[in-house]
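Presented below is the structure to which this report refers.
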Amino acid sequence: MLLAKIYVTLKPGVLDPQGEAVMGGLKAMGYEGVTAVRVGKYLEVQLDLDDRQEAGRQVEEMCRRLLANPVIEQYRYTLEEPAGTGGKA
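Under our numbering, the first residue of the sequence shown carries the number 182, and numbering increases by one thereafter.
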């Protein structure tokens, strides 16, 4: 078993109205030191695979085909052993 932790964010230069709204809210709450906020997605996908190379291939394909919009988003991921597996992948 492997756990893919996937981070999807807007590419630099892509406008982020949701991030702007969050930043406005934080400033309204008194957090004047906030200068920028970018909003993204975090996903965890558990894979019934032991082969890290195959897991990485599948996660890359998932990101390209569904999880990220390659026109405006970028992604990165890590592959880890799920908690509670006793060190066995």
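Just so it is clear, CB atoms sit at the ideal spot from N, CA and C, and this is done for glycine as well. If you're wondering where the values come from, they're calculated on a predicted model, not measured in any experiment.
Quick one: Cα of Gly265 to Cα of Met182, how far?
11 Å
Could you tell me which residues DSSP pairs with Leu183 in its beta bridges?
Leu228
With burial defined as no fewer than 16 other Cβ atoms inside 10 Å of the residue's Cβ, what is the status of Tyr258: buried or exposed?
buried
First and last residue of the alpha helix (DSSP H) that includes Glu254?
It is not in any alpha helix (DSSP H) - Glu254 instead sits in the beta strand (DSSP E) that spans Glu254 to Glu261.
So, is Tyr216 buried or exposed, given that buried needs 16 or more other C-beta atoms within 10 angstroms?
Looking at the sequence itself, residue 216 is Thr, so the reference to Tyr does not match. By the neighbour-count rule (16 or more Cβ atoms within 10 Å), Thr216 is not buried but exposed.
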